[in-house]
Every structure is written in structure tokens, then in C-alpha cells.
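Chemist:
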Amino acid sequence: MDLTALPKAELHVHVEGTLEPELVFALARRHGLTLPWADPDELRAGYEFSDLASFLKLYYDCMTVLRQGQDFCDLALAYLERAARDGVRRAEIFFDPQVHLDHGVPLAEQLAGLTDALAEAGRRWGIEGGYIMCFLRDLGPRSAERLWRLAEPWADRLLGVGLDSAEVGFPPEPFGPVFDQARRAGLHAVAHGGEEGPPSYVWGALDRLGAERVDHGLRCLEDPALVDRLVAERIPLTGCPFSNVRLRTVADLASHPLGRMLELGLQVCVNSDDPAYFGGYVGDNLEAVRQALGLSDRAVAQLCRNSILGSFAEPARRAQWLDELDQVSATAVTADPV
Ligand code: ADE
Ligand code: ZN
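Take 166 as the starting number for the sequence shown in our numbering and just add one per residue.
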């Protein structure tokens, strides 16, 4: 089965994580910045990570080249083109404004570039989506609240709020008040949880932040009561297999628990997280787990179905993609001689 023919949503991708080394160098040239690497190959050669913290250091360093709205537009448009080729119909994209504010880029400028890119991608490739503004958990709740005060006038440009960056030692509960404000402004709420952090952080994301989806959520498997809750409430888990291997939360793809999560009835889907750093986009992740875990066509179609069900798209759009998905997967099954 051609996986790119399956309609899907990408629910866990950081726009800054789609910054390919070639674009890092192009943007540095645009702004006359000097980089500590000789060329894109030397930068890429440094993409060896021992954990989330070792990745985040380089990830934040590379973001210094994002200086004006056009940079954000170029970045997001390149991602959306790539995603559309993978059969992504809808992309719900994270961004980390606190880092860019720190570099002197106003929120309005960031949002202008990102919004233009989605509009253009809709015209060119028919892909749709929205932006989820993330609070960096290691900067703490006061900084998150300052960001929210800046962002509130722009709430109609945002799909939701999220929580990302270093997880261990930064539980979700202190971010409860800022999430309350964002939800009251009509935004969706999602949060990273159970990537490196314990199951209690997933409970906290659900109970205190009102998270409608959990990003990663892998470590829920250590807590059967949490698995029961996630299954019963059909909480989507946005899995990122390449990321888990490259950040060493899972030893290799063959031991990734994605198949087991599907069997348990968890509403898990496949995403790319930071594809420029982890070796592939959503289609590459799907193809790799299919092979490594020996997933059936049915299981792969279920992963795509879960991504659509987990999205914040209009119900009519979701129904349309689900119909299309059923048709593509039924044709694939009848075309299969075995
Ligand atoms: N920011 C970008 N990628 C991330 C990840 N995998 N976990 C937490 N924060 C992130
Ligand atoms: Zn992530």
C-alpha cells in the first residue's frame, strides 16, 4: 500500500524542528550572521543526541537565524510542501515564541509569516491547519503568563496552546492558570507528557491543564489506570517514533511500543516531531514503523484514522478525509493478492 495515498493529519510537529541545515545557512546569509559550523554537512554531522536536553541545546541554537516574518514564512512553507507530498491534509503546527521574542522578533512578526505560509499552502496544495503556541516548561509559569498577555490579542490566529521543552523536573500543574486563561479565550489545549517524564505528568496534563491531546504519552504504559482513562476518553496520543529513537527514550524502532499501544485501544498516531533533526518526515516515520514492527495495512490505516480523529478540524472535513481513507485502504486490500 502506498502510504502517501492515505489521507492523514500531522498533529505533532514543531515548525522550528523542520529547519533543515541548508535553510539555516541560507537564513544566516540573508541576515549576515556567522555560524559556528563550516557548512550544512558539518551541522548535520552534529545531530547525535543522548537525550532530550542534548537535542534542545542545538535546536535552540539553530533558531537564532529566524529573524523576520519572511523567515518564518519560508520555513513553514517548506514544511507544508513536504507534508502535502506525504498525504498530510491537515497540519497542527507547534511554535516556540519565547525563543524568538528573546531574539528580538515580535510575536506579530512571527505570526504574520506563519499565517501567510498556511494561506499560501492552502492555495497551492490544498493543505489546511493551524498553529499551536507552546509555552516552554523550563522557563516556568511566570514567563508563560507574560507570553499569554502578549498573545491574547492574537488569539484568533491561534488554534491552541501547548507545553514543550525539557520535561523532567517541570510538572504541568504550575501552568494550570495560564492554560485556564487560554481555554477561556477559546483555544484548544495540548501538552507534551510522558516523553521522558513520569505518568503523573500525563495525569497532570489531563486534570490540571485540560489537555485534549497528549504529545508522546509513551510512559502512560507504566500505569494501567492511566491507560484505561486514555482509552475510555479516547484521548489522542501523538506518537513520534524517529524522535523516540534519536532521543533514546526507545532503544530502536523494532522495540517501539506503537503496535502494543494500538492493541490496547489507545488512539495513537504517527508524527515527525522535529523531522529536520531526526531523519525523516511523517511519511518516513510511518513507512519505517510499518517495516520495523511488521504492521498490517489495517494497522497503518488505523494510525492515519487516529490522526484525523485526533485533529481539531471541522467535523465535515474529518468525515471527508475518513471516507477517502476508507476508500484508499479498501482498494489496497482488494488489490493485494494474498
Ligand atoms: N521541542 C521540540 N521538540 C521537542 C520534544 N521532542 N520534546 C519536548 N519539547 C520539544
Ligand atoms: Zn514535540
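Heads up, the beta-carbon is just placed ideally off N, CA and C, and yes, glycines get one too.
Measure the CB-CB distance between residue 567 and residue 253 and report whether it falls below 8 Å.
Modeler: A query on residue 567 cannot be resolved here, the shown segment of the chain reaching from 166 to 503 and no further.
Chemist: Ligand 1 heavy atoms versus the CB of residue 296: any closer than 7 Å?
Modeler: Because no heavy atom of ligand 1 lies under 7 Å away, the Cβ of residue 296 does not count as near it: no.
Chemist: Just to confirm my understanding: we take residue 202, look at its own chain, exclude 5 residues before and 5 after, and list those with CB closer than 7 Å. What are they?
Modeler: Correct list, in chain order: 208.
Chemist: Where does residue 168 fall in DSSP's three states?
Modeler: In this structure, residue 168 counts as helix in the three-state DSSP scheme.
Chemist: For ligand 2, any of its heavy atoms closer than 7 Å to the Cβ of residue 380?
Modeler: The answer is yes for residue 380.
Chemist: Is residue 224 close to ligand 1? I mean its beta-carbon at under 7 Å from any heavy atom of the ligand.
Modeler: Residue 224: yes, Cβ under 7 Å from ligand 1.
Chemist: With C-beta atoms as the reference, is residue 257 less than 8 Å away from residue 324?
Modeler: Contact: yes.
Chemist: Straight-line CA distance for residue 279 to residue 178?
Modeler: Rounded to the nearest angstrom, the two C-alpha atoms are 14 Å apart.
Chemist: How is residue 295 classed by DSSP in three states: helix, strand or coil?
Modeler: The answer is strand: DSSP assigns residue 295 an E or B state.
Chemist: How about residue 449: is its Cβ closer than 7 Å to a heavy atom in ligand 2?
Modeler: No, the beta carbon of residue 449 sits no closer than 7 Å to any heavy atom of ligand 2.
Chemist: Buried or exposed: where does residue 488 fall if 16 or more other Cβ atoms within 10 Å of its Cβ makes it buried?
Modeler: When all chains shown are included, residue 488 counts as exposed.
Chemist: Looking at residue 351 and residue 320, is the spacing between their C-beta atoms short of 8 Å?
Modeler: Taking 8 Å as the Cβ cut-off, residue 320 and residue 351 qualify as a contacting pair.
Chemist: For the region 266 to 333, list the alpha helix (DSSP H) runs that are entirely contained and at least 4 residues long, ordered along the chain.
Modeler: You should have 272 to 290 and 305 to 316.
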